[in-house]
Each structure stands twice: as structure tokens, then as C-alpha cells.
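Okay, structure first, notes after.
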Amino acid sequence: MYKAMRAPSMYAQSPDCLNDFYDICKGYGKRFLFICSHSGLAAAEPKITKSCDGTDSYLRFEQFGGISSEGEITKMGQIVVDDDIDVVCGIGGGSAIDTAKATAFYQGKPVVIIPTVAATDAPCTGLSVIYHDDGSFAEYLFYPKNPDVVIVDSTIIMDAPVKFLVAGMGDALGTYYEARACQRTKSLSLENTEVTLSAMALCTLCRDTLIKDGFRAKVAAEKGVMVPALESCIEANIYLSGVGADNAGLCVAHSVYNGTTALEECESIPHGNIVAFGTLVQLVLEDAPDEELAEVMEFMDAVDLPLTLEAINITDPSHVAIAAQMACVPGESIHNFAGDVTPEQLTAAMFQADALGHAFLED
0 MYKAMRAPSM
10 YAQSPDCLND
20 FYDICKGYGK
30 RFLFICSHSG
40 LAAAEPKITK
50 SCDGTDSYLR
60 FEQFGGISSE
70 GEITKMGQIV
80 VDDDIDVVCG
90 IGGGSAIDTA
100 KATAFYQGKP
110 VVIIPTVAAT
120 DAPCTGLSVI
130 YHDDGSFAEY
140 LFYPKNPDVV
150 IVDSTIIMDA
160 PVKFLVAGMG
170 DALGTYYEAR
180 ACQRTKSLSL
190 ENTEVTLSAM
200 ALCTLCRDTL
210 IKDGFRAKVA
220 AEKGVMVPAL
230 ESCIEANIYL
240 SGVGADNAGL
250 CVAHSVYNGT
260 TALEECESIP
270 HGNIVAFGTL
280 VQLVLEDAPD
290 EELAEVMEFM
300 DAVDLPLTLE
310 AINITDPSHV
320 AIAAQMACVP
330 GESIHNFAGD
340 VTPEQLTAAM
350 FQADALGHAF
360 LED
């Protein structure tokens, strides 16, 4: 087995970066299909259109159906064929991005990703979550390469509701701790390769950036003010976490999230918020030093990430065991943990993390 690193061919980020869309993407073609969420279309279309004024570009903007479903991907693929599209672009959150990635893959076209929120690290990764048309899970679709271009207009990210930025910090918080756990057991990355020093460096920088700048970034976003701390955390949420996790691997934190998908009460809680609580659970399982636990909990509290089960809507103690059972099914990333984890051990760790969270908040 060999070590390897994968990343987008180009990552561009700055305030009003989309004003340069044409200059960034013209080398890939001149006929563009934009697969957009409703809010993504409103935020990005004026800048993209203006950037292409005076060129011979063809722009087609399509709002997608809300989930990255097989039918939606087929529909968008037909547009690529009918309109002789050169480049597929995804604008919006995770589902719009996943639909664009899959459409581009099946049609053999370059893909440009334009996230309008920093809620997850999906933009830079080489995979999509695909659903059946009825909304049920179908598969994880792994691609032979990561996106060709990722364009992050940090003004658009700043203008989105702050809850998305916070959720992205929660998702990114797990990146280093999960990577470290995978490194200890020599587990393979999401790309099924051994982990490079470069990947671990990105994961470490991701954590350090969040701890240093996370609170200031949240305050700035709440006030609508672009500052270096906000730019740094946007990059941590999208690039450092995305490329880091892709090339280093997942462990307990993401399995905790997957386990909670069995609980109806957790459906309204953002992915990143539960991953953050799952990170605390992982540190409990590791018997992490008090200093490390305190650092993580102080950060989570400062940016309003959940420290207790109640904060992720779990109020029935019996439901913790249900989530733990689901989190430990074969194939889950929790099995990258040293010595493995049983549902009973995970249940106990979730209750202990909850107790630590309550103690911290009451102190």
C-alpha cells in the first residue's frame, strides 16, 4: 500500500471572488451548466453573469430538486447533452454540490464547485452522497479525482446565516482528532491510501485555526464584517477540513453522527453540530488529558456548539443506546479506533461526554 494526497486542482477564495469566475474557469470551456439551490442562485448568479459579460460564454442556471437523487442527476445529465455543456458547476450547499459532482462524473466533464455556505467540508472532497428518488440513502459515490476548481466567495459565505458557519466549525473540529486516531491504528484514508505527513499537517492546521480564530470569526460573521479570522475559518471549514479528512480518514465523531440518523429527534440538528459532540465523545473514549478536553470544550462553548445530549435533542436516555448501536455497525469509521469500540462502550462514552458538558456549563 502506498501513501497519496488528493485535492482540488485549484482552490480560490477571497471576498467577491466570483467576480473573477470567467478568468478562473475559461480554460475549462465556455458553455456552463450551473446546478443551484434556490438561495445559491440568488447569491451567485449576478456576479457570475457580470464576470462573463462581453465574452462568448453560454450560461444555463438550473435550480435542482433539493436532494442529490438518481433522477435529478439523470435530468441534469440530459441538459449537459442537449445543451452541449463543457463545464458543470454546483452552487449552494451539500446536495447541490453532490448533484453537480455526479452529473459531471457521468458526463465526463470538468466540475466547478461554488459553495454558498461553509457548513461542511464537502466542496473539496472526491465523493458524493447519492439518494434514491424517494429520499432514502442509495450510495456513497467515490470519484477518481477531486473537483477541478473550488471557488469560495467569502462575502457570500459571510452573508449566509451564522448557524452554517458554526456547523462547519463543528464538522472541521473533528478533522484533526479523527485523523490522529486513524494514524494511531494505521487506518487508511477515505481515498484508501496510507496517510501522508502533508495530510496530518493540514488536519493540525485546521484544528489550530479553529481554536485560535473561531470565536472571532463567529462574532465577525454575526456583525457582517470581513476580518482575517473569518477568512481563516472559512478556509479551515472548507479546504483544510475537506482535504485533510479526505486524505487522513474518519473515526468516532462521524460514526456518532451516523448513529443519530436513527433518531427522529436529531433530524433538525446540523451534521457539524453532532460531529462536534461526537468529537467530545471520541476524546472521552481516548481518555484524553484534562487540558485537551478543556481546550475543546472551551472552543465549543465559545462558538455555541453542543456540549450535551440535550443540545442535540436527545432527551430520552434509551435513545443513546439506539444511536450507539447504529454507530457501531460493520463498515463504520468508528472501527478505525484503537482496540475498536462496542455499542456498550460508546453508550457509556456518550453519557460521560454529556456529564462533562453539563459540568463545564455549570462551572
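Under numbering that gives the first Met the number 0, the residue at position 133 of the sequence shown is numbered 132, and the numbers go up by one with no gaps. Glycine residues also receive a C-beta, built at the ideal position from the N, C-alpha and C atoms. The structure presented is a predicted model; accordingly, all values stated were derived computationally and were not measured.
Under the assumption that residue i contacts residue j (Cβ atoms under 8 Å), give the Cβ distance between them as a whole number of angstroms.
i, j, result
"G352", "L249", "It should be noted that the sequence gives Ala, not Gly, for residue 352. About 18 Å separates the two Cβ atoms, so there is no contact after all."
"L58", "T48", "7 Å"
"D245", "T54", "At roughly 33 Å, the Cβ-Cβ gap does not stay under 8 Å, so D245 and T54 are not in contact."
"A3", "E190", "6 Å"
"H270", "T115", "So it is not a contact: roughly 16 Å between Cβ atoms."
"F129", "S67", "One detail in the question is off: residue 129 reads as Ile in this sequence, not Phe. The pair is a contact, with the Cβ atoms about 6 Å apart (cut-off 8 Å)."
"I210", "E294", "7 Å"
"S127", "K100", "5 Å"
"G70", "D22", "Between D22 and G70 the Cβ distance is about 35 Å, and since that is not below 8 Å, they are no contact."
"A121", "G241", "7 Å"
"L196", "I113", "The pair is not a contact, with the Cβ atoms about 31 Å apart (cut-off 8 Å)."
"L282", "L292", "6 Å"
"Q12", "V161", "Not really, about 19 Å apart at Cβ, beyond 8 Å."
"S188", "A200", "Not confirmed; about 14 Å, so no contact."
Residues in its own chain within less than 7 Å of residue i by CB, not counting five upstream and five downstream?
i, result
"C24", "V86, V111, V148"
"N272", "A166, G169, L304, P305, I311"
"Y228", "The sequence shown places Ala at residue 228, not Tyr. Answer for A228: D212, R215, A216, A219, listed in chain order."
"N257", "M325, A326, E331"
"S186", "G248, N335"
"I321", "A261, L262"
"S8", "D147, V148"
"A235", "A171, C205, T208, L209"
"G64", "E71"
"T346", "V319, A320, A323"
"S136", "A small fix is needed here, since residue 136 is Phe in this sequence, not Ser. Here the set comprises Y130."
"R183", "A337"
For residue i, which residues in the same chain have their Cβ closer than 6 Å to its Cβ, ignoring the five residues on either side in sequence?
i, result
"I233", "A117, S153, I156"
"F276", "P305, I311"
"L164", "A117, A220"
"T102", "I72, M75, G76, V87"
"M349", "V280, V319"
"P0", "One point to set straight first is that residue 0 is Met, not Pro, in the sequence displayed. Cβ within range, chain order: E193."
"E264", "N312"
"Y142", "F104, G125"
"P342", "A323, Q324, C327"
"V340", "I333"
"A180", "C250, F336"
"Y10", "V149, Y238"
"P14", "S153, T154, M225"
"F20", "I47, S50"
"S231", "T208, D212"
Short of 8 Å in beta carbon distance, which residues of its chain neighbour residue i, apart from the five on each side in sequence? Order them along the chain.
i, result
"S175", "The question names Ser, but residue 175 in the sequence shown is Tyr. Only C202, T203, C205, R206, G243 meet the Cβ criterion."
"L360", "D300, L306, T307"
"K222", "none"
"E61", "L32, F33, I34, C35, M75, I78"
"Y27", "D85, V86, P109, V111, D147, V148"
"M296", "L279, L306, L355, G356, F359"
"D82", "R30, L32, Y57, R59"
"V274", "G169, D170, L172, G173, A252, H253, V255, Y256"
"D158", "A42, G223"
"Y139", "L126, S127, V128, I129"
"G134", "I66, S68"
"P344", "Looking at the sequence provided, one finds Gln at residue 344 rather than Pro. So the list reads L284, once near-sequence residues are dropped."
Identify the residues that DSSP records as bridge partners of residue i: which are they?
i, result
"M9", "V148"
"R30", "Y57"
"C35", "Q62, I90"
"S127", "L140"
"P114", "G91"
"K2", "E193"
Let me see if you follow: with CB-CB separation under 8 Å, is residue i close to chain B or not?
i, result
"I273", "Of the protein chains in the structure, only one exists, and it is not chain B."
message: Give the list of continuous alpha helix (DSSP H) stretches no shorter than 4 residues that lie fully inside the stretch 292–350.
response: 317–326
Segment contact, 8 Å Cβ cut-off, at least three pairs: the stretch 29–45 with the stretch 78–95: yes
task: May I have a chain-ordered list of the beta strand (DSSP E) segments no shorter than 3 residues that lie completely inside the stretch 42–89?
output: 57–62
task: Could you tell me which uninterrupted beta strand (DSSP E) segments, each at least 3 residues in length, are contained entirely in the stretch 232–273, listed from first to last along the chain?
output: none
field: 4 or more residues per run - each alpha helix (DSSP H) lying fully within the stretch 156–192
entry: 161–184
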